[in-house]
Amino acid sequence: MTMSDERTPSPDQDILAEIQAEVAHDLEEERPPAGGPSYQVVGALVALVVGIGGAVLSYGYGLGSLRQPGPGLWPFVVSIAIALMAAALLVVGRRLTDSEKFTRSSVLPAVGLITFVGLALLMPVIGFEIPSLLLCVVWLRFLGGESWRSTVITSVVTVAAFYFLFLYGLRIPLPHLF
Amino acid sequence: MDVNAFLDGFGLVTEPQNLLYCLIGVLIGMLIGVLPGLGPAATIAILLPITYSIDPVSAIIMLAGIYYGAQYGGTITSVLLRLPGEASSVVTVFDGFALAKQGKAGTALGIAAIGSFVGATVSILGLTLVAPLIAGWALSFGDPEYAALALLGVLLVATIGNGNKLKAMIAAALGLLLATVGRDSFSGAERFTFGSLQLTEGIDFVVVAMGLFGVGEILYNLEERHGKPHVPAAVANIWPSRKDLKQSSGAIGRGSLIGFVLGVLPGGGAVMSSLAAYATEKRISKKPERFGRGAIEGVAAPETANNAAATSSFIPLLTLGIPANASMAMLFGALLILGISPGPQLVDERPDLFWGVINSMYIGNLILLVLSIPLVGIFVRILRVRPAILAPITALITILGVYTINNSTFDIFVMIVFGLIGYLMKKVGFEPGPMVLAFVLGSIVEDGFRRSMLIFDGDPTGFFTRPISGTILAAFVLVALWPAVKAIRARRRAATAAAAPTDRDHVDTPTR
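Residue numbers (this note's numbering), protein chains in the order written: chain A, 565 to 742; chain B, 45 to 556.
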C-alpha cells in the first residue's frame, strides 16, 4: 500500500492517516515474515469449503419460505455469504501480507497443544496434580528454556497453589489424586 | 434517572467483598496491561469460569476492572520499552518513549495516569447520565430493530478494526454460522450436530471464547516471544510539574470528549480514539513538529482518550445489549452465564447490577490512580518476570478453568480445537475477534430475523419501512459498502495525481 492511496484531500484526514501508517509500520517491525500467496489461498479455500458445506447441509435442513422460515434458511444465507466473500478473497487477497510463516519455532505451539491434550486425557484417570506438574515442566524447561532449578521450584509452587485455590479456596471439585 | 438506585449502587460497591473484587480486577488488568502477550479480552475469557462460583455483581465488577485496568497498564510498557502492552497504547509510544530517552519517563507516566483518571471519570459521569436515557429509548425496540442493530454491531466491529476488512467479515460470518450449531429453538431440528449428543445444546460460548482467545493467544505467544529480553529503565519522579500539568490540561480535556464519543460507537473504542486524540493535538498545536520528539500532550491525549473510550464502550452493552468490542463480548457472555440478558430492561430489572458495575468504575479508577502513581515502581519490576514463567500458569488456569464449568473433559477438547483454530487463523491473517463477537450475537440476529419475518408475514421490506430498523439497516449498507467506495475514490485520485505530478509533490512536503 502506498501512502497516496490512503490520502484524502482534507488536511485533517492527512494527519490521522499518517499516524495510522506510522503505527502500522511500527507493528510491522515486530512481526515475523509473511507467509506469501499460498497461505492466503489456503485460508480463503478453507472458508470457501466451510461456506459451501454449510450451504449444502442447511439446504438439507429445510429452507421453508420467507413467511415460514425453516431451520435451514438462516444458516443457508450465512453460508452463501461466507462462500461469496471467500471466493472474492481468493481473487483479491493473494497479495496480502498479513499471514505469518510457519518456522522452526512453530514446533513450540505444537508441543504445547500436545501437552493440553495429554492433560485432558490424564486428568480424569489420575487426577490433575501429576499431569499439571508434567505440563509445567515441559513448558518451563523445554518450551521456555528455564534452568532445572527454576523449573522445579515454579512447577511445584504452581501446582500446590492451584491445589489449594481450587479444592480449598473456591471449593471446586477437580479430579485429584491426593 | 433513578437517584435511589444510583445511590444503592454505591452502597453495594462499598461492601468489602465487592471492593476486594474490584481491587483484584484492576490489579489483574494492570498486570496484563504491563505484560505484553495476553490482552484484556483473552484474560477475561480465561477467567470466565470464575463467574460460576462467585456472586454475580462481584464477578462483573471484577471482569470490568480487568478491562479498564489494562488501559492503565499498557502505558507503562509503551513509555519504558517502546512496546505497547495494548493496541490502544500504540501511539503513546511515539512521544512516551522519546520522553523516556530524555530521562522524563516519570513525567510521562504521571501525566498518563492523571489523564487516564480524568478521562475515565468524565466518561463514567457521561455513562451515568446517558445510559439510563438510551435504555429508556431502546425499550420500544422490537425484534426487527434488534436483528438490525446486532447485525450492524457485528459489521462495525468487523470493519473498523485493523486488518483486512473482507477477512474480518468472513470471520464474523463464520461466527454467525457457528452460533447455529445445535437444536433450533423454533423447530427443534438439529443443525450441524453430526449426531453428537454434546453438540445438541449448542457450543458453549465460554468454551469457544476460551479456546479462540485464551488458548489461541497462549499458543501464539509461545511461538513469538523468543529472544526479547525486557530491561526497563529506572523511573524517578513520577509527580509531574505544574508546568507539565498546565501544558497537558487542554489535551486531557479534549481527549476525554473524543474518547467518550468514539467509545460509544461499536468497533470504535479505545484504539481509534487514541489515534484520533493524538491527531487532534498535533493538528491544533502551534508547533506540530514537537510531536514524536517528546511532546507531553502526545502522551496525555491518547492515554486520556483510550480510558474514556474504554469506559463509554460499556454504554451499548449495558443499554442495548450490543457489545462494542471483543472485551465487551466477553462481559456479555459472562452476563449470559449468570442468567442475565443485557439489554434496555437491565436498568429496571437488575438495578443492583447496572449501578453496581457503573459505580464500581468510579472506585476502580481511583484505585488505579493510586496504583499507577506511587506504586508504579512495583509494576516496572514486574516487567522483569520472564514470560516463560507465566506461560504454564496461564495454560493451567485455562484448562482447569474450562473443566470446572460443567465438570466435563469434552469441554476441554472443544476448547483445544478452538484454540488450534484461533492459532491457525492468526497465522493466515484472520482475526478471531469478529468471530467471537458474531458468535455471541448470532442467536439474537437469527431469532430477531425469524420472528420479524413472522411479524411481517414474509415480506422482508418490513425491515426498511420501520423507521428505526430502516435507519439502522441504511447505516449497515453504508458501512458495508464504504471500503469499496473508498477504494474507487482512491483510484480516481491516483489517476488525477498521475496526471498532475507537481501538484502531488506539493501536498507531500509539509506532511513528512
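Built from N, CA and C at the ideal position, the CB exists for glycine as well.
Quantities reported herein were computed from a predicted structural model and do not represent experimental measurements.
For Gln389/B, there is no enclosing alpha helix (DSSP H), since its DSSP letter is neither H nor E. The three-state reading of DSSP puts Pro633/A in strand, counting E and B together. Against chain A, the CB of Glu347/B has no partner CB under 9 Å away; the residue lies outside that interface.
With fewer than 16 other beta carbons inside 10 angstroms of its own, Trp712/A counts as exposed.
Membership of Val723/A in the alpha helix (DSSP H) is indicated by the continuous run 712 to 728. Glu234/B has Arg227/B as its beta-bridge partners, per DSSP. At a cut-off of 9 Å between beta-carbon atoms, Leu741/A makes no contact with chain B.
In terms of beta-carbon proximity, Asp503/B lines the interface with chain A, with at least one pair separated by less than 9 Å. Three or more beta-carbon pairs drawn from the stretch 639 to 652 of chain A and the stretch 600 to 613 of chain A are found closer than 8 Å, and the two stretches are therefore classed as touching. Here the alpha carbons of Ile328/B and Gly113/B stand approximately 30 Å from one another.
If you draw a 10 Å sphere on the C-beta of Trp283/B, you find fewer than 16 other C-beta atoms in it, and that means exposed. Of all residues in the stretch 206 to 224 of chain B, the ones placed with a Cβ closer than 7 Å to any Cβ belonging to chain A are Gly207, Asn208, Leu210, Lys211, Met213, Ile214, Ala217, Leu218, Leu220, Leu221, Thr224, in chain order.
Interface annotation for the stretch 669 to 683 of chain A against chain B: Ser669, Ser670, Val671, Leu672, Pro673, Ala674, Val675, Gly676, Leu677, Thr679, Phe680, Val681, Leu683, criterion Cβ-Cβ distance under 9 Å.
The stretch 363 to 373 of chain B and the stretch 120 to 137 of chain B do not touch, with fewer than 3 CB-CB distances between them shorter than 8 Å. Around the beta-carbon of Lys209/B, 16 or more other beta-carbon atoms lie within 10 Å, marking it buried. Chain-ordered, the chain A residues with CB closer than 8 Å to the CB of Ile460/B read Leu677, Phe680, Val681, Ala684. In this structure Trp181/B is exposed. Its beta-carbon is surrounded by fewer than 16 other beta-carbon atoms within 10 angstroms. Residue-level contact check: Phe138/B touches chain A, since one or more beta carbons of chain A fall below 9 Å from its beta carbon. A distance below 7 Å between beta-carbons, with the five flanking residues on each side excluded, links Leu699/A to the following residues of its chain, in chain order: Thr679, Leu683. Secondary structure of Gly599/A (DSSP, three-state): coil. The C-alpha of Ile532/B is placed about 38 Å away from the C-alpha of Leu362/B.
For Gly615/A, the secondary structure class from DSSP, reduced to helix, strand or coil, is helix. Listed along chain A, the residues sitting closer than 7 Å to Phe474/B by beta-carbon distance are Gly607.
The C-beta of Ser102/B comes no closer than 9 Å to any C-beta of chain A. Between the stretch 635 to 648 of chain A and the stretch 216 to 233 of chain B there are three or more C-beta pairs closer than 8 Å, enough to call the two in contact. DSSP places Gly628/A within a strand segment (E or B) once states are collapsed to three.
A direct Cα-Cα distance of roughly 9 Å separates Arg494/B from Ala191/B.
Here the C-alpha atom of Val162/B lies approximately 14 Å from the C-alpha atom of Leu171/B. The shortest CA-to-CA distance from Ile644/A to any of Val614/A, Gly657/A, Gly624/A, Val671/A is the one to Val614/A. Secondary structure note for Ser318/B: its alpha helix (DSSP H) is the uninterrupted segment 313 to 328.
For Asp139/B, the three-state secondary structure derived from DSSP is helix. Around the Cβ of Tyr264/B, a 10 Å sphere holds 16 or more other Cβ atoms; the residue is buried. Counting only the Cα atoms, Ala524/B lies some 37 Å from Ala157/B. Under the criterion of beta carbons closer than 8 Å, Gln115/B and Gly140/B do not qualify as touching, at roughly 14 Å. With respect to the 9 Å criterion, Ala202/B and Met213/B are classified as neighbours on the basis of their beta carbons. Around the C-beta of Asp501/B, fewer than 16 other C-beta atoms lie within 10 Å, and the residue is accordingly described as exposed.
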